[in-house]
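Asks:
Number of protein chains: 2
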Amino acid sequence: MLKISTKGRYALRIMLDLAKHSEEGPVSLRTVAKRQQITLKYMESIMSLLLREELVISTRGKSGGYKLTRKVEDYNVYEILHAAEGNLAPVQCLAVSENDCPLHKKCPTLPMWTGLEKLVREYLQGFTLDMLNTADLPSPNCGH
Amino acid sequence: MLKISTKGRYALRIMLDLAKHSEEGPVSLRTVAKRQQITLKYMESIMSLLLREELVISTRGKSGGYKLTRKVEDYNVYEILHAAEGNLAPVQCLAVSENDCPLHKKCPTLPMWTGLEKLVREYLQGFTLDMLNTADLPSPNCGH
DNA sequence: TGATTTTCTGGTATTTTTATAGGAAATCTT
DNA sequence: AAGATTTCCTATAAAAATACCAGAAAATCA
Chain A
907 MLKISTKGRY ALRIMLDLAK HSEEGPVSLR TVAKRQQITL KYMESIMSLL
957 LREELVISTR GKSGGYKLTR KVEDYNVYEI LHAAEGNLAP VQCLAVSEND
1007 CPLHKKCPTL PMWTGLEKLV REYLQGFTLD MLNTADLPSP NCGH
Chain B
907 MLKISTKGRY ALRIMLDLAK HSEEGPVSLR TVAKRQQITL KYMESIMSLL
957 LREELVISTR GKSGGYKLTR KVEDYNVYEI LHAAEGNLAP VQCLAVSEND
1007 CPLHKKCPTL PMWTGLEKLV REYLQGFTLD MLNTADLPSP NCGH
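If you read the protein sequences in the order shown, they are chains A and B.
The numbering used here numbers the first residue of the first sequence as 907 and each following residue consecutively.
The numbering used here numbers the first residue of the second sequence as 907 and each following residue consecutively.
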């Protein structure tokens, strides 16, 4: 139903938290979990997705944790949600790499969906992490 | 994941089919089901949603069926999807009638979600049934 | 009266989402 | 070297959403 799942919303909150606290060394998930009220185990599974896309870098062991790989102004919301949730296309046949729908050339709604995907993508790409963090949320926040 | 469910896509296809064929009297679901390759029973449950919002009108009995209540140019895609899928807000706290999130005034992402909802809504409101039908799809179509 | 079609109730199967559990591997600190 | 901490990996379970089916009642027309 055009919903963002918790996985995506949590990923965004985690990234915002890291952006706030990762200047002086890696941040452990345990401290993020406390601030954000997300269970440690669920966060771990989300981190693997962010790690795979190289949005964060990790160091194991004591006093280890996660750090951002770029400057906060170089992340946009779209790529974070995309990393966490996979493809954001509103209908399936936009998501597949090769358009295997045999009737896509005559499909009356395809241009509409294509336009919607573009609209959403470009809108979310317009928000960077530091833009959001200037709003200065109290942690933990409401779940967005 | 920002997906439109089959319920919404089917509702749109059904409305497009009705728009095409309902000039000369009511259209039975059986004929729509044949053309659109959707099971009769699933369509019935979708029709009850469209009926509740008075997007269509029904007549029972022999040679009964469904008809549009308005002219084709007076339907937009948003209201059809909304009727079929319920609220299209990307995050839950936009969907509730009264904003019960205690921190919504300090939530750093809320304005972004509000803007996204508005963007999507206005985009989909810009498409009317007759705009889509001029593309003249072969029925059944690909599933969009 | 009989045929057809919507409508209603309720149920089931499948998939996706969300979350948890346990332990292995790596790294730091002492 | 030992212990503590933290990421990482695999598996599983609970919950919710989605998709679909069955059967019968009600309405309508011929």
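Just so it is clear, CB atoms sit at the ideal spot from N, CA and C, and this is done for glycine as well.
Suppose you measure from the CA of A:E959 to the CA of B:S928; what does that come to, to the nearest Å?
Replies: Working through the first sequence from its first residue, we reach residue 959 of chain A at position 53. Working through the second sequence from its first residue, we reach residue 928 of chain B at position 22. So the alpha carbons of these two residues sit roughly 50 angstroms apart.
Asks: Against A:T1020, what residues of chain B qualify as contacts under a CB-to-CB distance less than 8 angstroms, listed in chain order?
Replies: Counting from one through the first sequence, the residue named residue 1020 of chain A turns up at place 114. Under the 8 angstroms cutoff, chain B gives no residues; its nearest Cβ is about 10 angstroms from A:T1020.
Asks: Could you name the residues of chain B that A:Y1029 contacts, counting a contact when the two beta carbons are closer than 8 angstroms?
Replies: The count along the first sequence starts at 1 and reaches residue 1029 of chain A at position 123. In chain order: G1021, L1022 and L1025.
Asks: Quick one: residues in its chain with C-beta nearer than 7 angstroms to the C-beta of A:S1003, no 5 flanking neighbours on either side, listed in chain order?
Replies: Along the first sequence, read from residue 1 onward, the residue named residue 1003 of chain A stands at position 97. Its pLDDT being 46, under 50, A:S1003 is placed unreliably by the model, and nothing is read from it.
Asks: Using a Cβ-Cβ cutoff of 8 angstroms, what residues of the segment 969-984 of chain B are near chain A? List them in chain order.
Replies: Those would be V983, in chain order.
Asks: Is the Cβ-Cβ distance between B:A990 and B:L956 less than 8 angstroms?
Replies: For the purposes of this step, residue 990 of chain B is identified with residue 84 of the second sequence, where counting begins at 1. For the purposes of this step, residue 956 of chain B is identified with residue 50 of the second sequence, where counting begins at 1. It is a contact, given that the beta carbons lie within the stated cut-off.
Asks: With the cut-off set at 8 angstroms, would you say B:N1039 and B:L922 are in Cβ contact?
Replies: As a first step, residue 1039 of chain B is located in the second sequence; it is residue number 133 there, counting from the start. As a first step, residue 922 of chain B is located in the second sequence; it is residue number 16 there, counting from the start. Yes. Within cutoff.
Asks: With 16 as the cutoff for other CB atoms within 10 Å, does A:R1063 come out buried or exposed?
Replies: With chain A covering 907 to 1050 only, the question about residue 1063 of chain A has no answer from this structure.
Asks: Counting pairs of beta carbons, one from the segment 909-919 of chain A and one from the segment 981-990 of chain A, are three or more of them closer than 8 angstroms?
Replies: Contact between the segment 909-919 of chain A and the segment 981-990 of chain A is present, because at least three Cβ pairs lie under 8 angstroms.
Asks: Can you tell me which of A:V983, A:R941, A:S934 and A:P996 puts its alpha carbon nearest to the alpha carbon of A:K968?
Replies: The residue labelled residue 968 of chain A in the question sits at position 62 within the first sequence. A:K968 has its Cα closest to that of A:S934, out of A:V983, A:R941, A:S934 and A:P996.
Asks: Can you tell which of A:L974, A:E1023 and A:I952 has the C-alpha that lies nearest to the C-alpha of A:V997?
Replies: Taking the first sequence and counting its residues from 1, one reaches residue 997 of chain A at position 91. For A:V997, the nearest C-alpha among the options comes from A:E1023.
Asks: Where DSSP assigns a beta bridge to B:S964, which residues make up the other side?
Replies: In the second sequence, residue 964 of chain B corresponds to position 58, counting from 1. B:Y972, per the DSSP bridge assignment.
Asks: When you compare only the Cα positions, how much space is there between A:I910 and B:E930?
Replies: Residue 910 of chain A sits at position 4 when you count from the first residue of the first sequence. Residue 930 of chain B sits at position 24 when you count from the first residue of the second sequence. Rounded to the nearest angstrom, the two C-alpha atoms are 42 angstroms apart.
Asks: So if I threshold CB-CB distances at 8 angstroms, which residues from the segment 937-961 of chain A count as touching chain B?
Replies: Here the close residues number zero.
Asks: Quick check on DSSP: helix, strand or coil for B:T1034?
Replies: The count along the second sequence starts at 1 and reaches residue 1034 of chain B at position 128. The answer is strand: DSSP assigns B:T1034 an E or B state.
Asks: Shortest alpha-carbon distance to A:G1032 belongs to which of B:F1033, B:P1017 and B:L974?
Replies: In the first sequence, residue 1032 of chain A corresponds to position 126, counting from 1. Considering only alpha carbons, the answer is B:P1017.
Asks: Looking at the structure shown, is A:V997 part of a helix, part of a strand, or coil, going by DSSP?
Replies: As a first step, residue 997 of chain A must be located in the first sequence, where it is residue number 91. DSSP places A:V997 in coil when its eight states are reduced to three.
Asks: Determine the direct distance from the alpha carbon of A:V978 to that of A:T937, and round the result to whole angstroms.
Replies: Indexing the first sequence from 1 puts residue 937 of chain A at position 31. Indexing the first sequence from 1 puts residue 978 of chain A at position 72. When rounded, the distance between both Cα atoms is 20 angstroms.
Asks: For the alpha helix (DSSP H) containing B:Q942, list its first residue and its last residue.
Replies: Taking the first residue of the second sequence as position 1, residue 942 of chain B is located at position 36. Its alpha helix (DSSP H) spans residues L935 to Q942.
Asks: Spatial neighbours of B:L924 within its chain, please: CB distance less than 8 angstroms, with the 5 preceding and 5 following residues excluded, ordered by chain position.
Replies: Residue 924 of chain B sits at position 18 when you count from the first residue of the second sequence. The answer, listed in chain order, is V933, V938, V962, Y972, K973 and L974.
Asks: Leaving out the 5 sequence neighbours to the left and right, which residues in its chain are closer than 7 angstroms to A:A952 when beta-carbon positions are compared?
Replies: In the first sequence, the residue the question calls residue 952 of chain A occupies position 46. The residue asked about is misnamed: residue 952 of chain A is Ile in this sequence, not Ala. So the list reads K913, Y916, A917, I920 and A990, once near-sequence residues are dropped.
Asks: Who does B:N982 pair with in a DSSP beta bridge?
Replies: For this step, residue 982 of chain B is matched to residue 76 along the second sequence. The partner list for B:N982 (beta bridge, DSSP) reads B:T1034.
Asks: A:V983: which of B:R1027, B:T1015 and B:T1020 sits nearest, CA to CA?
Replies: Along the first sequence, one-based indexing puts residue 983 of chain A at 77. Of the candidates B:R1027, B:T1015 and B:T1020, the one whose C-alpha sits nearest the C-alpha of A:V983 is B:T1015.
Asks: Is there at least one Cβ from chain A nearer than 8 angstroms to B:R915's Cβ?
Replies: Along the second sequence, one-based indexing puts residue 915 of chain B at 9. Yes, contact with chain A.
Asks: Taking buried to mean at least 16 other C-beta atoms within 10 Å of its own C-beta, is A:Y981 buried or exposed?
Replies: By one-based count along the first sequence, residue 981 of chain A stands at place 75. So A:Y981 ends up on the buried side.
Asks: Mapping DSSP to helix, strand and coil, what is B:P881?
Replies: This structure leaves residue 881 of chain B out entirely; chain B is present only between 907 and 1050.
Asks: Does DSSP classify A:Y916 as helix, strand or coil?
Replies: Here residue 916 of chain A corresponds to residue number 10 of the first sequence, with the count starting at 1. If DSSP states are grouped into helix, strand and coil, A:Y916 belongs with the helices.
Asks: Once DSSP output is grouped into helix, strand and coil, what is the label at B:K977?
Replies: As a first step, residue 977 of chain B must be located in the second sequence, where it is residue number 71. Coil, per DSSP.
Asks: Report yes if the C-beta distance between A:L1025 and B:Y948 is below 8 angstroms; otherwise report no.
Replies: Taking the first sequence and counting its residues from 1, the one referred to as residue 1025 of chain A is at position 119. Taking the second sequence and counting its residues from 1, the one referred to as residue 948 of chain B is at position 42. Result no, Cβ atoms of A:L1025 and B:Y948 do not sit closer than 8 angstroms.
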